[in-house]
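> My questions will all concern the structure given below.
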């Protein structure tokens, strides 16, 4: 039986079973392949980050490796860009449009 402290240590250093994540803040975004500002580039935070980093880079990662970043944050950084995650409620958007057309 592994203690809680030992499990926390193994999560931190890894068990050798899966590669540690590659931290987003040390990666460079492929900004030339992005659409103009204001265009939605993904539905999930992971899909947005993958779009900024570039599919070519993502395809070179070892199996089971992922990009590490704070998924609870509204803003994350790469070496050359900030990624801002915005959520827009569908109902509120419809209400705003109907108010602006009056």
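Numbering (the working numbering), first residue to last: 58 to 159. Note that beta-carbon positions come from the ideal geometry of N, C-alpha and C, so glycine has one too.
1) In whole angstroms, what separates the C-alpha of residue 120 from that of residue 112?
2) Figure out for me which residue from 76, 140, 116 has the closest Cα to the Cα of residue 127.
3) With 16 as the cutoff for other CB atoms within 10 Å, does residue 155 come out buried or exposed?
4) In terms of DSSP beta bridges, what is residue 95 paired with?
5) Would you decide whether residue 133 is buried or exposed? Buried here means 16 or more other CB atoms lie within 10 Å of its CB.
6) Counting along the chain, where does the beta strand (DSSP E) carrying residue 132 start and finish?
7) Taking only three categories from DSSP, how would you classify residue 124?
8) Leaving aside the five residues before and after residue 85 along the sequence, list all residues of the same chain whose C-beta is less than 7 Å from its C-beta, in chain order.
9) Taking C-alpha atoms, which residue in 110, 100, 115 lies nearest to residue 91?
10) Please classify residue 88 as buried or exposed, where buried requires at least 16 neighbouring CB atoms within 10 angstroms.
11) Whole angstroms is fine: what's the gap from residue 99's alpha carbon to residue 108's?
For this structure:
1) 15 Å
2) 140
3) Annotation note: pLDDT 49 at residue 155 (below 50); position unreliable, coordinate value reported separately. Its Cβ having fewer than 16 others within 10 Å, residue 155 is exposed.
4) Paired residue(s): none; residue 95 is not in a bridge.
5) With 16 or more Cβ atoms within 10 Å of its Cβ, residue 133 is classed as buried.
6) 132 to 134
7) Looking at residue 124 - three-state DSSP - the assignment turns out to be strand.
8) So the list reads 135, 136, 137, once near-sequence residues are dropped.
9) The shortest Cα separation from residue 91 among 110, 100, 115 belongs to 110.
10) exposed
11) 8 Å
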